[in-house]
Amino acid sequence: MKALKEAASRIHLGQIIIVLSGRDAGKNAVVVRLDDSCVWLADGRERKFAKPKRKNRRHIQPTRFIADEIAYVIESTGNVDDAKLVFALNQYKKLNLKGGKSAAERSNIPRKI
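All the letters of the sequence shown, read from the start, carry residue numbers 1 to 113 under this note's numbering.
Shown next, in the form of structure tokens:
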């Protein structure tokens, strides 16, 4: 039980994750809601914010990146545009494909934990 709580504390709202199992395995998504045993994920394309995918915490791999803007909007209004989810995931993919970036380019990239 203690290990589950420690693993649960690593996942944050707005965090970009990799799905490990299921038909979405290997895809990236953003955490849009948290619960004790599961998280709800959306990517803005196949899984919209209005109908997120519920996943067991054991079936996802958290990355070190959090989209601060998405987390802030969800906490303040409880809703986020799907375009913002797509933008955050595209920025994450660009960061992973391309190594270093200049300071001007890093301003819109999700931050590391």
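Glycine is no exception: its CB is placed at the ideal position from the N, C-alpha and C atoms.
Contacting residues, own chain, Cβ-Cβ under 6 Å from G14 (five flanking each side not counted): I66, A67, I70, A71
Can you tell me whether N28 is helix, strand or coil according to DSSP? strand
Per DSSP, cross-strand counterpart(s) of R10: Answer is none; R10 lacks a bridge partner.
Which one of G26, K55, P62 has the shortest CA to CA distance from D36? K55
Excluding the five sequence neighbours on either side, which residues of its own chain have a C-beta within less than 6 Å of the C-beta of R33, listed in chain order? W40
Report the three-state DSSP secondary structure of I16 (helix, strand or coil). strand
Out of I11, E75, T63, H59, which has the shortest C-alpha to C-alpha gap to L95? T63
G26 classed as buried or exposed, judged by whether at least 16 other C-beta atoms fall within 10 angstroms: exposed
From K61 to S21, what does the alpha carbon distance come to, in whole angstroms? Reading off the sequence shown, one finds Gln at residue 61, where the question assumed Lys. For Q61 and S21, the distance between alpha carbons rounds to 10 Å.
Per DSSP, I74 forms a beta bridge with which residues? DSSP, once it has assigned bridges, lists no residue as partnering I74.
Relative to the C-alpha of N90, which candidate in K53, D81, A29 has its C-alpha closest? A29
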